[in-house]
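In the numbering used here, the protein residues as written are 3 to 264. Cβ coordinates follow ideal geometry from the N, Cα and C atoms, glycine included. Values in this document were obtained by computation on a predicted structure and should not be read as measured data. One structure below.
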């Protein structure tokens, strides 16, 4: 990312239920990890939470590609079709989406800090670099530490899915993020970029694969695995020499957590 982006100062208490950060730049943990034994989270014995009891926050962080807003809108429709009712959508492009809340630092913080539901989900798609993901309306980046504090404050011990789809989004797989009640998916390893955020792209590669594989998966574990294979195949077809290497962390208390509506 260009050097003008700096850490946003408005995110000290930022709360994210489930975060999907799908960022590309202008230019590792293992692919699947499971936490050590720990106290159970609030999911049922079958690893499911009713769709109506999920809370989702979907954020498009940048607006120099339509892929980011397209991604959050498609995810909103996907979740709604599964019965998720508590969905907040924030746009980085209010000129194109005037009916949606603008993804300013204050609005993002307020949306993510709003408690509710028995399980947390946030989808954040944007550009990213080694310092975090871009929030264009705040003219800064949200750091892994800020996101970590937000999740701690907003979700507590509830089942929490953090899907970070952005370049270098593996930086969010810090030790503090790897909790027994959390699932974390990232679009790229910490030292890799992700792809598909050009002006002509409908979705980023990771978002495209996540959305395509969503209906065929029963659990977040399955969705993570099939999405990774999809991304690998797509990047191979596109002749990408240095693949993005999507990452997954599964906390033991939620390792078999079902997708909403499953």
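Taking Cβ to Cβ, would you say residue 123 is nearer than 8 Å to residue 91?
no
With 16 as the cutoff for other CB atoms within 10 Å, does residue 39 come out buried or exposed?
The pLDDT assigned to residue 39 is 36, lower than 50, so where the model puts this residue is not dependable, and the model offers no usable value.
With the cut-off set at 8 Å, would you say residue 87 and residue 54 are in Cβ contact?
yes
In three-state terms, what does DSSP make of residue 149?
Reduced to three states, the DSSP call for residue 149 is helix.
Only counting the same chain, and skipping five residues up and downstream in sequence, which positions put a Cβ closer than 7 Å to that of residue 98?
71
Tell me, please, which residues DSSP counts as bridged to residue 58.
89 and 123
Return the Cβ separation of residue 166 and residue 139 in integer angstroms, given the expectation that the two are a contact with Cβ distance under 8 Å.
At roughly 19 Å, the Cβ-Cβ gap does not stay under 8 Å, so residue 166 and residue 139 are not in contact.
Excluding the 5 residues flanking residue 74 on each side, which residues of the same chain have their C-beta closer than 7 Å to its C-beta?
Within the same chain, Cβ atoms closer than 7 Å to the Cβ of residue 74 are found at 60, 61, 62, 91, 125 and 127, the five residues on either side in sequence being excluded.
Can you tell me whether residue 57 is buried or exposed, with buried defined as 16 or more other CB within 10 angstroms of its CB?
buried
Along the alpha helix (DSSP H) that carries residue 210, what are the first and last residues, could you check?
207-216
Inter-stretch contact at 8 Å, needing at least 3 Cβ pairs: the region 252-261 / the region 183-196:
yes
Please tell me whether residue 263 and residue 78 are closer than 8 Å, where the distance is taken between their beta carbons.
no
Given a threshold of 16 other Cβ atoms within 10 Å of its Cβ, counted over all protein chains shown, does residue 223 qualify as buried or as exposed?
buried
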